[in-house]
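Enquirer: Okay, so the sequence shown: first residue is 2 according to my numbering, each after it adds one.
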Amino acid sequence: MTILHKKSLGQNFLTDKLFLEKIINSSGIESSNNVIEIGPGDGALTTYILEKTQNLVAYEIDQELIGLLTKKFKGHDANFINEDFLEINLNEINTSSLIVVGNLPYNVSSQIILNILESDLEYEHCIFLVQKELAQRFNSTKKSSKISLIADFFSDFEILFDIPPEAFYPSPKVTSSLIKIKKNTKYKDKKESYIAFKRIVSLCFANPRKKISNPLKNIFDVMPKFSFDINCRPQELEIDNYFEILSKYEE
Ligand code: SAM
Numbered sequence: 002m003t004i005l006h007k008k009s010l011g012q013n014f015l016t017d018k019l020f021l022e023k024i025i026n027s028s029g030i031e032s033s034n035n036v037i038e039i040g041p042g043d044g045a046l047t048t049y050i051l052e053k054t055q056n057l058v059a060y061e062i063d064q065e066l067i068g069l070l071t072k073k074f075k076g077h078d079a080n081f082i083n084e085d086f087l088e089i090n091l092n093e094i095n096t097s098s099l100i101v102v103g104n105l106p107y108n109v110s111s112q113i114i115l116n117i118l119e120s121d122l123e124y125e126h127c128i129f130l131v132q133k134e135l136a137q138r139f140n141s142t143k144k145s146s147k148i149s150l151i152a153d154f155f156s157d158f159e160i161l162f163d164i165p166p167e168a169f170y171p172s173p174k175v176t177s178s179l180i181k182i183k184k185n186t187k188y189k190d191k192k193e194s195y196i197a198f199k200r201i202v203s204l205c206f207a208n209p210r211k212k213i214s215n216p217l218k219n220i221f222d223v224m225p226k227f228s229f230d231i232n233c234r235p236q237e238l239e240i241d242n243y244f245e246i247l248s249k250y251e252e
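#1: Under the criterion of a Cβ to heavy atom distance below 6 angstroms, does I62 qualify as lining the ligand SAM?
#2: Below 8 angstroms, how does it come out for the segment 183-195 and the segment 147-156: are there three or more Cβ pairs, yes or no?
#3: Output needed for Y124: all residues of its chain with C-beta closer than 7 angstroms, excluding positions within five of it in sequence on either side, in chain order.
#4: Is the beta carbon of V58 sitting closer than 7 angstroms to the one on N80?
#5: With a threshold of 6 angstroms, establish whether the CB of D85 neighbours any heavy atom of the ligand SAM.
#6: Report, in whole angstroms, the separation of the C-beta atoms of E61 and P41, which I expect to be a contact under 8 angstroms.
#7: Quick check: does the Cβ of Q112 come within less than 6 angstroms of any heavy atom belonging to the ligand SAM?
#8: For S203, does the count of other Cβ atoms within 10 angstroms reach 16, so buried, or fall short, so exposed?
#9: Using C-beta distances below 6 angstroms, list every residue in its chain close to L115, excluding the 5 sequence neighbours before and after it, in chain order.
#10: Tell me whether C233 sits in a helix, a strand or coil according to DSSP, three-state version.
#11: Taking I160 as part of the beta strand (DSSP E), name the residues at either end of that continuous run.
#12: For the candidate residues R138, K53, C205, whose alpha-carbon lies nearest to that of N232?
#13: Kindly give me the distance between the Cβ atoms of L161 and I180, rounded to whole angstroms, as I take these residues to be in contact under 8 angstroms.
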């Protein structure tokens, strides 16, 4: 069956066997794991997942591909579900030893990751292929961003390796990165304040080039004393600085 790759669904399929193997080796999937795959596409990565475990549920938005996948993996226990992953109520998924994997559709990658981070889904870790630029925005080691602070709030985030455009068909314009997200409970005691934290971070990054004193003036009638210089930019502050803003806001 010839596949017409739908650009609107981010259908850049990974075809390079070496990279598929590298991803599966980094995934840590064992036979005892339950796996959710997001966007199995034509099943390239699925083939490798099924060599490790049969406990697989895959969500694919494209109905045509669901037909292809069901045929291709006849005889396996895998469950292919024709649904938009963004519409799934993740809090209703109750699976132990869960690993979530996917070569994510580029147009909704950040929303998929945010939905997972903000949900109560219990997972061991997630292995996602995303655009390199997005991976760097999620990673706060150099500078903070709204997305990196949210990722920090819930997880330990790691960039594993890059994959060049030629490894995909059709080739995207940009390099991709494999990322690993591990749930962390470091800030569990702050979970109740997450909505306020997110609002503060959103306000502070509304104009990331401006000094942090500008948004702070909108948050506080009287400017409190902070341990950091309020003339710096939002990206120069770390998550603890944002927690400091949060605690002064909640006082
Ligand atoms: N896993 C395959 C691979 O590695 O070659 C395909 C990856 S391709 C980048 C992304 C896949 O996600 C496509 O098959 C696309 O149809 C599917 N997709 C796009 N948006 C989706 C959504 N909201 N929910 C579920 N699947 C989606």
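C-beta: ideal position from N, C-alpha, C; glycine also.
Expert: According to the data block:
#1: Residue 62 sits at position 61 when you count from the first residue of the sequence shown. Yes, the Cβ of I62 comes within 6 angstroms of a heavy atom of the ligand SAM.
#2: yes
#3: Residue mapping note: residue 124 aligns to position 123 of the sequence shown, counting from 1. Contacts found: L99, I100, V101, K184.
#4: For the purposes of this step, residue 58 is taken as the residue at position 57 of the sequence shown. For the purposes of this step, residue 80 is taken as the residue at position 79 of the sequence shown. Contact flag set, yes.
#5: The residue you call residue 85 lines up with position 84 of the sequence shown. True, at least one ligand heavy atom lies under 6 angstroms from that Cβ.
#6: Counting from 1 along the sequence shown, the entry for residue 61 is found at position 60. Counting from 1 along the sequence shown, the entry for residue 41 is found at position 40. Confirmed, Cβ separation roughly 5 angstroms.
#7: Here residue 112 refers to the residue found at position 111 when the sequence shown is read from its first residue. Not under cutoff, so the answer is no.
#8: Position 202 of the sequence shown, counting from 1, holds the residue named residue 203. The residue in question, S203, is exposed, as its Cβ has fewer than 16 Cβ neighbours within 10 Å.
#9: Sequence index remark: in the sequence shown, residue 115 carries index 114 (1-based). Cβ within range, chain order: n/a, list empty.
#10: As a working note, residue 233 is residue 232 in the sequence shown. The answer is coil: DSSP assigns C233 none of H, G, I, E or B.
#11: To locate residue 160, count along the sequence shown from 1; it is residue 159. Where I160 is concerned, the enclosing beta strand (DSSP E) stretches over 156-164.
#12: On the sequence shown, residue 232 is found 231 positions in, with the first residue counted as 1. The residue with the shortest Cα to Cα distance from N232 is C205.
#13: What you label residue 161 is simply residue 160 of the sequence shown in a count that begins at 1. What you label residue 180 is simply residue 179 of the sequence shown in a count that begins at 1. 7 angstroms between Cβ atoms; contact.
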